[in-house]
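Colleague: What follows is a structure written as structure tokens; I'll ask about it next.
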Amino acid sequence: MSVRGLAASELTKARTLRAMPILVAVAVLATWPMAWTNAASGADIPADDPRLFSSVPIPTEYQGFEMAGFGYVLIVALGALWAGGEYGAGRQIRSTLLASPRRVPVFVVSAALLAVVTAVVASLTMWGAIVITHASSGGDVDSWRLTPAIWAHLGGVTLAWVLTALMAFAIGSLARTAILPLILLLPLVVGIGDLLAGAWAGARFLPVTAGAAMYSDPAAGAYLPPVVGGLVQAAWAVVLLGVALVVFARRDA
0 MSVRGLAASE LTKARTLRAM PILVAVAVLA TWPMAWTNAA SGADIPADDP RLFSSVPIPT
60 EYQGFEMAGF GYVLIVALGA LWAGGEYGAG RQIRSTLLAS PRRVPVFVVS AALLAVVTAV
120 VASLTMWGAI VITHASSGGD VDSWRLTPAI WAHLGGVTLA WVLTALMAFA IGSLARTAIL
180 PLILLLPLVV GIGDLLAGAW AGARFLPVTA GAAMYSDPAA GAYLPPVVGG LVQAAWAVVL
240 LGVALVVFAR RDA
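Numbering follows numbering that gives the first Met the number 0, in which position 33 of the sequence shown is assigned residue number 32; successive positions increment by one, without gaps.
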């Protein structure tokens, strides 16, 4: 089977899993109104008002990126299902390998498609959240043009989501289930990694915490420098994908 045929096959399988389009839709359509509610609720309150969750003003270039946490959970689920769905009741992986016995291309194409889908979902979700945040807060930033720093952080959160989805995919492929990546990654996504980083410097090198350095306010936690954080998370993803590829190529379906 050609690469184009493999890509078409993988996309078809993804669409047949009912949870997939639901996860994508919720990531986008739920994050936007949450961003509006979050920004509008504090629009008339001074940034240093003690009634706010934090009376320390958030720098303009980081405003709105707190919305990444909700979508992050869904992205982990997306990556986990992308791999684990192959080993569900229908055992789609057997049909895939019968049609295309070369396992390395199957794995690579599947991972590449997941990366593309996640990048589109992440950029659309967070771009909308940032635009809505600045439009609702009444700040000085042009909500449509944004600033170079905001665009850089938008690229950072997109990359972080892609790498996290690929890690979930790799773990799901190794375990042949969507459950293990959810168990391992969701606690890090919902904030345990950041809490650990505040108490132990080594926790900054955990994958999700390292990725958060690419779009988070350094004053909000014990983060690595953005470039270092991106490289650390990328290293986690590459190692997990490499191990998963070797195992996938050698074991029985």
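Glycine included, C-beta positions come from ideal geometry on N, C-alpha and C.
Of all the options 179, 215, 121 and 105, which has the alpha carbon lying nearest to the alpha carbon of residue 161?
Modeller: Numbered from 1 along the sequence shown, position 162 holds the residue referred to as residue 161. Nearest option by C-alpha distance: 121.
Colleague: Cβ of residue 153 within 8 Å of Cβ of residue 125?
Modeller: Here the question's residue 153 lines up with position 154 in the sequence shown. Here the question's residue 125 lines up with position 126 in the sequence shown. In contact: residue 153 and residue 125 (Cβ atoms closer than 8 Å).
Colleague: Express the C-alpha separation of residue 130 and residue 148 in angstroms, rounding to a whole number.
Modeller: Mapped onto the sequence shown, residue 148 falls at position 149. Mapped onto the sequence shown, residue 130 falls at position 131. Cα to Cα, residue 148 sits roughly 14 Å from residue 130.
Colleague: Taking the CB atoms as reference points, tell me whether residue 61 and residue 193 lie closer together than 8 Å.
Modeller: For this step, residue 61 is matched to residue 62 along the sequence shown. For this step, residue 193 is matched to residue 194 along the sequence shown. Going by C-beta atoms, residue 61 is not nearer than 8 Å to residue 193.
Colleague: Mapping DSSP to helix, strand and coil, what is residue 147?
Modeller: The residue given as residue 147 occupies position 148 in the sequence shown. Correct three-state label for residue 147: helix.
Colleague: Could you name the residues of the same chain whose beta carbon sits closer than 7 Å to that of residue 52, not counting the 5 residues immediately before and after it, in chain order?
Modeller: Along the sequence shown, read from residue 1 onward, the residue named residue 52 stands at position 53. For residue 52, the predicted structure reports a pLDDT of 49, less than 50, and the residue's modelled location is therefore unreliable. A value from the coordinates is still provided. Answer for residue 52: no residue qualifies.
Colleague: To the nearest whole angstrom, what separates the beta carbons of residue 26 and residue 73, a pair I think is in contact under 8 Å?
Modeller: Position 27 of the sequence shown, counted from the start, is the residue given in the question as residue 26. Position 74 of the sequence shown, counted from the start, is the residue given in the question as residue 73. Between residue 73 and residue 26 the Cβ distance is about 4 Å, and since that is below 8 Å, they are a contact.
Colleague: Return the chain-ordered list of same chain residues with a C-beta closer than 7 Å to the C-beta of residue 247, the five sequence neighbours on each side being excluded.
Modeller: Here residue 247 corresponds to residue number 248 of the sequence shown, with the count starting at 1. Result list for residue 247: 102, 106 and 172, in chain order.
Colleague: Would you please state the rounded distance, in angstroms, between the beta carbons of residue 209 and residue 223? I believe it to be under 8 Å.
Modeller: Here residue 209 is taken as the residue at index 210 of the sequence shown, counted from 1. Here residue 223 is taken as the residue at index 224 of the sequence shown, counted from 1. Contact flag correct, Cβ pair sits at about 6 Å.
Colleague: Taking its Cβ as the centre, do 16 or more other Cβ atoms sit within 10 Å of residue 4, making it buried, or is it exposed?
Modeller: Along the sequence shown, read from residue 1 onward, the residue named residue 4 stands at position 5. When all chains shown are included, residue 4 counts as exposed.
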